[in-house]
Structures are given as C-alpha cells and as structure tokens.
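Residue numbers (our numbering), protein chains in the order written: chain A, 39 to 502; chain B, 39 to 502.
As structure tokens, this is what we get:
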C-alpha cells in the first residue's frame, strides 16, 4: 500500500506549498528555483510532448532516412514548431542514404527432420541474399576467436556472432557498447575470412523473439556479404542445435538493398536570444528511426522533448537571453548526415555555439545530464546548478557523452550535453518491432522535457 | 541508435574490467567495493528473485489477509527460505482481518435515456450495499468543501470525492498522500452528514478504466456506509454528467463484507550473525496484497527482494557479522497486524534491533534509501557509504520514511530504512487489476535486491 506517502511530512509540505527547495539561498537562486518550478508546472499540467509523440508514432510511424514517412515527419516537425510560434522555423537540406528492407526476411535451420524457422531481420545497410542463401554455420563469441580460426573452418559458411550482453554491467548501454562490434563489423570480419554471411545475436539482455536491427558497415575491398540479426531466443536455439549438429545448414532470405541517396532535411526551430542573440544553444533528437516500429523511444521522445523544451520556456514567460534552437536531425541511425550537415552549416555561418544538448537514450525517468567538454571549469560551473535540478531528480551532472547528432559540433560548442535517463528498459525494445508509443510513459517523458528546458534556462541566463 | 554507448570510453573501461569505483581508497573501502561488486554479480548473473516473483504472482496470485491464497503464500515463503538454507525459518502467528469482496461490483448512473455503467470497486473494509443502493450524487473536491455544505444538500446522497492527483508533484507518492484522505476518511465524513455512501476518484494520475482499491476506515458512533472507488475515466464522466444533470441518480451494488478475524502468519528467515548474533537487521516486504491482481509491485517485489538479499550475501560468501532476518509481513494492506506483532514479539524477547529495511514502493530501478531516525549521526555515518552504492545508482541516502510494516519498530531500531526506487509508474497500477508480474522488469528487480543486500552488508559489518 505504501503508507509512507500518507505520513511523510516532507511530502505533505511539498504538496501543500510546492515549496521551492531549501537549496535556494541567494536572490538569483531563489528566482531560478521559482522559474524552474514554473517550467515543471507547465510541463506537468499542460505538457504537449506526449500528444505530439502520439501523432508522430501513430500517424506517421517508422521513418527511416529516405522513406516517405521520413519526409512526412519533416513536414510534421516543421508545422508543429510553426504552430508554436517560434521566431523562425526552417529546413536544412541534406542528402541521406536510402536503404530499404524489402519483404519480411526469412531464416531457418535444419533441426532433426524439418526446418526450424527463426526470427531474423536484416541489419541496416546489408546487401540482400539474392534468393535463398544456404550454408553451414560456425559460431564465435569474439572477433579474436574468429581471427584465430583456420580459414577453411570459415570459408563458405555463415559466421554466427553469439556473444551475449554482459549482464553484470549496471548500464545496459555499456553492455551494448561491449557487444556492438558484432553488429557493426561482423559482416566485414566474416567476409575477410571467406564467409558468405553474418548472423548476429541481437544486442539486448532481453530473452524474446524480437530481432534487433541497427546499422552495419562494409569496407572497401572486402566482399559485401549479407548480415542479419537473430532474436536472442533464436540465437540460443541455434547455438544449442549446433552442439548437436555441428554441420547444420542455415537458410537466409533477405531482399534488402541500398538505393541512391535521397534529398532530406533537418528541421530547425529557433527562439532568438533577447540579450545575446549570437550565442546559440542547440537542443535536439533525431527524426529518423528504424523501420520495424514507430520509433518511439528511439528517438521520437528526443524530438518531442526538444520541441517541448522551447515551448516550455515561452509558455513559462522565460524568453531566453541566448538563442535557443530545437533541431530534429535526419539520419542519425545510418549515416549521421544530418548531424554532420548541421555542424558544417554552423561553421560556415561563423555561428557561436554555447552548448548542444541531445536526448537519444529513450524517454524514461530523468537522472541528469552527461557533460562532454575538455574544460573542467565548465563542468564545475554547471555542477553548481545541480541543487536547482535535484528536487526534480535531474541533478546528476557528470562528465559524459553528448550524442551522435551533436558530435560533429564538438570543436564549435563549449560543451556537448547528453540527456541522461533511466536506461534499464531501453535495450529491451531498441531497434525492434516493439519500440512503440505504448512503451512511453507520459510523466517520464514530460519530466525529461522539463529537465531539458530548465538546463537551457540556466545556460541561456548565465552563459558559459 | 544511441551511438554514445559505442564510443564512451568510461563504459568500455567498465565493460573490460568491471573496475571498482575510483572512490574506493582505503583498504576497507576497497574490500567493501569488491564485496558489493560480488553481490551485484550474483544478482545480475544468477538472480532468483524474478523467478520467485513469477511463482508467487502466477501460481498463487492476489493474497488478501485471511484468503486461502494468503495462506498458500505463507507456505511458499517458508519453503522458499528453507530451500535456501537459512539458519532458521519460522512463522509468527497473528490474527488478521478477513474482508471479502464478494461478486464483482456494479456501478452506473443515469445519463440521458439509459443507465451508463462505470468501472467501480469496493474500497477495502467497506460494508456492502445490501442489494442495489440508489441515490443522488453530490460532488466535492475536499473535506472542507463537504463540511461547508448545508446538511440537506448531503443527506440521503452519495458524496462523490473527486479531487484528482496534483500532477505538479514530482513524486507521485506525494500526490497520493495529498489525495489519500478521500479514500481513507471519505465514508466517515460523508456519513457524518447523513450521506448513504461514498464514491471516491481513484488515487492515480493515470487516465484509464482501472478502479483502485485500498483500505478505508470507519469510526465508532458513525454509521457505516459503503465506499467505492471509481476509475478516473468514470469519475470524469460522472463529473461531466453532473454538470448537465445535477439531480442524476447513481446505482451501486457491492456484496463485500467483513468476516471474523483469521489466524495467519508472518514468515521469518534468519541468518545468524557470526560476530554479533544479538544485533538484528530486519529486511522485509509484505506478503499480503489486494485481491484484484497478482500483487506484483505491491508488494511481491518487496518479498522476493528481501529473501534475495539474504541469499545474495550467502552466495557471495559474505556471511553477515550481525543477524539478518528476511520478514514477509502479513496484513500491511488493511490492518498492519503483522508489523505490530513482529515489533511486539521483538520487544517481549528483548531483541536489539540495529536497523529495519522495507521495500514497499514497487520493484523499479533503485535510487537509494530513505533513512528514518532522530539521530543525525546515524544519517551522517550511513551517508559515508553513498560512494560505495553510487556506481550502482543506489547511493541516494537521505532522511526519509521507513515503511508501514517496520513502523512499529521505531522505538526499538536505531534506524528505519525505506528502499527508494523510481516511482513514476507505481501509481498507474497500484491496487488495481493491472498489478501483475508482466509489469515487473527483471533487471530493475534484481538491482533492487542487490542494493538492499549491499546496504545490509555494510550495516552488518560496521554496525551503527
């Protein structure tokens, strides 16, 4: 029942007065505290990010670069920000890769009498199989294990990369990092040893039948072989069967292909700074998503939170002193062309970027922000704001990573900032058919947008 | 895609070495850090709490005090701890209330031509309606508003308590606190003014059709009138209709009743302290749950985490220096008889309680612990352990509330400790038909058990 909430004095006090936190001492801190409270009130009582996300997910859906849905999303982003009355809303043209999955992929292996179908999907960027591709399978757990194998053990086979997530790691993102070489480089490393394809265990701790897609790459001079993800359950089944039937054959059928590049856009919405219009704070997420689902947590949430952050400032009467831009980047998933283009244009225009913030780790309960900068004084200065964000459980300001889209701004911005939220559920659905609107929690999403708006408020008031 | 995890140097380092945190300086701190890492490894690689919870939820299910399922749960708890080889497993007899819901409740109001059915459920402890109870409805938002009404406006009617959660509050638990008087005292306050029943808006921010049950109380000398919860959508519909049809009648049918008290049990599992067996650390959750669902987050998670905390210590080779007890308390939801009995028996036996920990806020991602004590030095001492828990995102040790079951130990224990986890989703499902196993996330649950075991390890090593 949790009676504690019925008796906790602090909770009741907070309920009664919504008191500013005790950390607010100076006049500035008091006014900052009150202003951040305004931002949160607006987000929690009249937040628009959840309904914006509903539209993006349910009316547009998955929006891989080059797809018609990606273009619909560009128009949606532009119109959404125009309706909110930002000072300026515009598109930045950028050519993006155009990879298409084709018909639903098929995978199976011979177990006992018949073929056993397993859940597979093409990795993004993979070539297709040109009909059915049938070959034996050799399982490895690491690139080193593959390199140590005699070529004749690999030649003509599928290499099956089956290293699971290291569940000991507290952040699933660290496990993703540690297992990610299999997806990114598996096909290239397999092809170098004469393999005909790569089968990759899905990058997740979850045991289910959702294959996880995600980008892979080829290398000049290395044969391009197909690469597919297996669901974790499929990977376990295949691994078990291989112990009993080392010579079993796997059959893969994928019709994916890469088409010519397509014209697309970043979407930019801007509020001009009232005092220092030439100093820019960018906040963004990426508008493109994988095609298997609605792209809710990856990264619809980052897009709607970025738009919301600007709306919250205006609606709270906190017009920023520095220029603030919400940027919906195109093509994070398989090329980062939008992020690169944004930084190029900023440089060409001689823009002065104070900070860039990205939300691309899902729309879960906030924890704080990761700060990417070589300047320790910047970290120290920003950490002084922690008490203002702590009442909202968003005060964890630590050195960390910004984000892929804002990465190319590294040499132009004083700090790159990654929005940090609870990460335990993210890789259950990441890049799968399950990354849909129903996985997003309204308040968790709103709290994130408010945290981002609050940080922007402080950055825009105090500078760096 | 979240490329940041593919490049973040810290993540890769951690992945490679699972290095002890940099905060570990002294030899003691180094060994503590390594031991806590052992606890987490055990939990994350070989954790048993999730499968234990699956059994409790899916094979036993809802287990309100006095029900056959509550007794099955007692046997399950005893056998589970016996199998784990704790030094001593025993039951503490306690008489508990026995309230039964009866057939599914019915509620409807007349809107336009026909009756509109709405989702209702009896509040725990309510009397039934003895057939159909039909009356007009008067809506109020607060007890004061009710008190200010002339008696003739209330007499013979249902009082409809429709104050929603205050969504501005960051912790939904604080909103629960602020709205909770309606459920607890609504029936009594309504009856004092001659009303025939109380209709209470469900205690949640979620807008859906799940009514939320929960305990209510009567007062000597005040007529006992039936009290029901309306889903938030039903409450909104009724409120809207009342504006159009102030004289509308509501019809309620509930067959609930309170039967004579029943014999039940707390379940206690104990590991004897190797150095100071007379100093006791209790860790617990409550075994009873509301009857509408499986009682997963409330409080199956607290039970399996408490058992797991002891198992983790043994499996990690960290036999505690002080005595540690896992206690599955009976009857938190509607009486707290188990918690009271445990404290009584402890007092009668002259036991020395060092600390008592409760997990009863759901099994979500850990944040830390709330410390309830009048002794500031205890808080200061415990906060020094924060760096050891921070690498696991469980280092937030702040003054707070312990828990209902351990509350009666307040005068006997040096500190009461409430396990603190992310709370945004808890009140969506709390006391509803949706509080089922599928809402619990394996890693979130396991991280909680490991956090509790780690704190117990420190308490048992250093004392207070």
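Think of the CB as a built atom: it goes at the ideal place given N, C-alpha and C, for glycine as much as any other residue.
Predicted, not measured: the structure shown is a model, and the values here were computed from it.
- Its chain contains no residue whose beta carbon lies nearer than 7 Å to that of residue 89(B) once the 5 sequence neighbours on both sides are disregarded.
- Close CB contacts of residue 170(A) within its chain, under the 6 Å cut and outside five residues either way in sequence, are with 289 and 291 (chain order).
- Distance between residue 355(A) and residue 397(A), taken at the CA atoms: about 24 Å.
- Each of 358(A), 416(A), 497(A) and 484(A) was checked against the Cα of residue 81(A), and the nearest Cα belongs to 484(A).
- When the alpha-carbon of residue 216(A) is set against those of 259(A), 481(A), 228(A) and 202(A), the nearest one is in 202(A).
- Within chain B, the residues placing a beta-carbon under 8 Å from that of residue 429(A) are 208, ordered along the chain.
- Collapsing the DSSP output to three states places residue 151(A) in coil.
- Judged by their CB atoms, residue 322(A) and residue 362(A) are not nearer to each other than the 8 Å cut-off.
- Rounded to whole angstroms, the gap between the alpha carbons of residue 111(A) and residue 488(A) is 23 Å.
- Taking a beta-carbon distance threshold of 8 Å, residue 82(B) counts as an interface residue toward chain A.
- For chain A, the residues of the segment 443-465 of chain B that bring a beta carbon within less than 7 Å of one of its beta carbons are 456, 460, 462 and 463, in chain order.
- With a cutoff of 8 Å on beta-carbon distance, residue 423(B) and residue 296(B) are scored as not near each other.
- Where residue 420(A) is concerned, the enclosing alpha helix (DSSP H) starts and stops at 414-421.
- The beta carbon of residue 230(B) is closer than 7 Å to those of 260 in its chain, skipping five residues each way along the sequence.
- Distance between residue 434(B) and residue 407(B), taken at the CA atoms: about 6 Å.
- With a cutoff of 8 Å on beta-carbon distance, residue 228(A) and residue 143(A) are scored as not near each other.
- For the pair residue 346(A) and residue 85(A), the CB atoms are nearer than the 8 Å cut-off.
- Taking 8 Å as the threshold, the shortest C-beta distance from residue 70(A) to chain B does not fall below it.
- Put simply, the CB of residue 418(A) is far from chain B, with every gap to its CB atoms at 8 Å or more.
- Leaving aside the five residues that flank residue 109(B) on each side, none in its chain has a CB nearer than 6 Å to its CB.
- Sequence-distant Cβ neighbours of residue 389(A) in its own chain, meaning closer than 6 Å and more than five residues away, are 318.
- With a minimum length of 3 residues, the unbroken runs of beta strand (DSSP E) contained wholly in the segment 320-391 of chain A fall at 360-367.
- According to the DSSP secondary-structure assignment, residue 136(A) is paired through a beta bridge with 297(A).
- Taking 8 Å as the CB threshold, residue 257(B) stays off the interface with chain A.
- By the criterion of a C-beta distance shorter than 8 Å, residue 492(B) is surrounded in its chain by 74, 77, 78, 426, 427, 430 and 432, once the five residues flanking it on both sides are discounted.
- Excluding residues up to 5 positions away in sequence, 116, 119, 120, 305, 306, 307 and 308 lie with their Cβ nearer than 8 Å to the Cβ of residue 127(B) in the same chain.
- Note on geometry: alpha-carbon atoms of residue 324(B) and residue 468(B) lie some 14 Å from one another.
- The shortest C-alpha to C-alpha distance from residue 494(B) to any of 357(B), 367(B) and 335(B) is the one to 357(B).
- The Cβ atoms of residue 475(B) and residue 332(B) sit closer than 8 Å to each other.
- Pairing residue 359(B) with residue 498(B) gives a Cβ-Cβ distance under 8 Å.
- Annotated as distal: residue 472(B) and residue 274(B), with beta-carbon spacing of 8 Å or more.
- Secondary structure of residue 90(B) (DSSP, three-state): helix.
- In chain order, 139, 140, 160, 164 and 166 place their CB closer than 6 Å to the CB of residue 294(B), counting only its own chain and leaving out the 5 sequence neighbours on each side.
- For the segment 350-377 of chain B, residues whose beta-carbon sits nearer than 9 Å to a beta-carbon of chain A comprise 370, 371, 372 and 374.
- At a cut-off of 8 Å, the C-beta of residue 380(B) has no neighbouring C-beta in chain A.
- Annotated as distal: residue 94(A) and residue 440(A), with beta-carbon spacing of 8 Å or more.
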